[in-house]
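See below for the structure under consideration.
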Amino acid sequence: MTKKRDIKSPASVLQRLRNACVDGQSVKNAQVLFVLERILARVARSPYQDRLVLKGGILLYLMLRQWVRPTEDLDFLAISLPSESLGQILTEILAVDAEDGLVFDTAGMTYEDIREDTGYPCRRYKVPYRFGARHAHFIKLDMSFGDPVTPGPQAIEVHPILADFQGGRVLGYPMETLLAEKVETLVVRGLSNTRSKDIFDLWVLARTRTDLHLAPIGLALAATAAYRGTSGKLEGAALLPSFCQDPRQAQLWKAFARGKGLAVPDFPEVMAAVQVFVAPMVAMAIHDGNDRSWDPGTAQWQ
Numbered sequence: 012m013t014k015k016r017d018i019k020s021p022a023s024v025l026q027r028l029r030n031a032c033v034d035g036q037s038v039k040n041a042q043v044l045f046v047l048e049r050i051l052a053r054v055a056r057s058p059y060q061d062r063l064v065l066k067g068g069i070l071l072y073l074m075l076r077q078w079v080r081p082t083e084d085l086d087f088l089a090i091s092l093p094s095e096s097l098g099q100i101l102t103e104i105l106a107v108d109a110e111d112g113l114v115f116d117t118a119g120m121t122y123e124d125i126r127e128d129t130g131y132p133c134r135r136y137k138v139p140y141r142f143g144a145r146h147a148h149f150i151k152l153d154m155s156f157g158d159p160v161t162p163g164p165q166a167i168e169v170h171p172i173l174a175d176f177q178g179g180r181v182l183g184y185p186m187e188t189l190l191a192e193k194v195e196t197l198v199v200r201g202l203s204n205t206r207s208k209d210i211f212d213l214w215v216l217a218r219t220r221t222d223l224h225l226a227p228i229g230l231a232l233a234a235t236a237a238y239r240g241t242s243g244k245l246e247g248a249a250l251l252p253s254f255c256q257d258p259r260q261a262q263l264w265k266a267f268a269r270g271k272g273l274a275v276p277d278f279p280e281v282m283a284a285v286q287v288f289v290a291p292m293v294a295m296a297i298h299d300g301n302d303r304s305w306d307p308g309t310a311q312w313q
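With the sequence shown counted from 1, adding 11 to any position gets you our numbering.
Written as structure tokens, this is what we have:
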């Protein structure tokens, strides 16, 4: 009698991930995405499903249902969770049996309090895990605190890469807050900005989204700036044109694209498109005004 193949064994999963690579994914990126997805499946099954709000690159992937840039960590906003309890909470979440063969060594979990490259506090956890490997790999989980979510968290479906694994539903940033945090950081930091990934994300969203409206984005941006104490600095949107020809920003862009394996236009072209996309958001946050909708076909607010 032939022994039935275990399609969820590490060896089988790794081979199936190789076969499932799409949208320019490397095998390594697909494996990391699988691990991130399985952590989200655990969050969805945990008592903390409504206390951890997903943000960052994996949220963009789930929203767009498209692999736009590699990401290697998970970012959450922790709601009403004391920082001193986060380690125990993560231990509980990662102990959830999601029937996927992943084993997280929470006894070896470490953390550090950092200031994100946005300049705001964050606690970063580094967790060893194994998936059919002799040596441990590591995954990073970043927890931030306090940021407003406007108009409020939304349900995000986790669609597994491999269909026979269970996904789930988690809370995530709405598009308005995702945009607001990226725009606030870009505008306030000006030419000192080092987050090329935010510029890339804004460029991708400008090319793909047909459901964006200025009024709610302006409200979210105003709320984010008020919380961060940067409302007066939003006038710095006037600095955006200088990005286009800034040599340092161009170098950062090239390094980012090369490091992520992305085929993208030159920086001046991308930044010019981002400027058209972002400037009206800032104007709406500062002055209010008439609501308009974004048309990616014409690359204009109408």
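By construction, the Cβ of each residue, glycine as well, lies at the ideal position given by its N, Cα and C atoms.
Item, Value
"Beta strand (DSSP E) segment containing Gly308, residue limits", "From DSSP, Gly308 is part of no beta strand (DSSP E); its letter is neither H nor E."
"Bridge-paired residues (DSSP) for Cys133", "Ile125"
"Residue(s) in a DSSP beta bridge with Ile150", "Val138"
"Nearest-angstrom beta carbon gap, Leu113 and Val46 [assumed within contact, 8 Å]", "7 Å"
"As assigned by DSSP and simplified to three states, the class of Asp86", "strand"
"Nearest candidate by alpha-carbon position, reference Arg62, set Ala233, Phe156, Lys137", "Phe156"
"Nearest residue (CA-CA) to Lys271, options Asp212, Pro291, Gly179, Arg76", "Asp212"
"Three or more C-beta pairs below 8 Å linking the stretch 224-239 and the stretch 189-196", "yes"
"Range covered by the alpha helix (DSSP H) that runs through Ile69", "68-75"
"Which listed residue (Arg49, Phe254, Ser20, Arg269) has its alpha carbon closest to that of Gly143", "Ser20"
"The stretch 165-179 in contact with the stretch 198-211 per 3-pair CB rule at 8 Å", "no"
"Among Pro132, Cys133, Leu152, nearest to Tyr140 - alpha-carbon criterion", "Leu152"
"Residues sharing a beta bridge with Phe115, DSSP", "Tyr140"
"Buried or exposed (CB count within 10 angstroms, at least 16 for buried), Ser96", "exposed"
"Runs of alpha helix (DSSP H) wholly within the stretch 183-235 (minimum 4 residues, chain order)", "186-200, 207-219"
"Buried/exposed call for Ser37, threshold 16 Cβ in 10 Å", "exposed"
"Own chain, CB closer than 7 Å to Lys14, minus 5 neighbours either side, in chain order", "Its pLDDT being 46, under 50, Lys14 is placed unreliably in this model, and the coordinates cannot settle the point."
"Unbroken beta strand (DSSP E) run spanning Val275, endpoints", "Segment: none, Val275 is in no beta strand (DSSP E) and carries neither H nor E."
"Cβ-Cβ distance between Ile150 and Val138 below 8 Å", "yes"
"Local Cβ density within 10 Å of Glu123, reported as buried at 16 or more and exposed below that", "exposed"
"Cβ contact check for the stretch 96-105 and the stretch 218-228: 3 or more pairs under 8 Å", "no"
"Beta carbon of Thr121 nearer than 8 Å to that of Leu101", "no"
"Which residues DSSP lists as bridging Glu168, in chain order", "Arg180"
"Outcome for Lys39 when other beta-carbon atoms lying within 10 angstroms are tallied against a minimum of 16", "exposed"
"Where Gly300 falls, given that 16 or more other Cβ within 10 Å makes a residue buried", "exposed"
"Status (buried if at least 16 other CB within 10 Å, exposed otherwise) for Ile210", "buried"
"Ser242 (DSSP reduced to helix, strand or coil)", "helix"
"Beta bridge counterpart(s) of Phe156 as assigned by DSSP", "Ala89"
"Beta-carbon proximity of Ile228 to Glu187, cut-off 8 Å", "yes"
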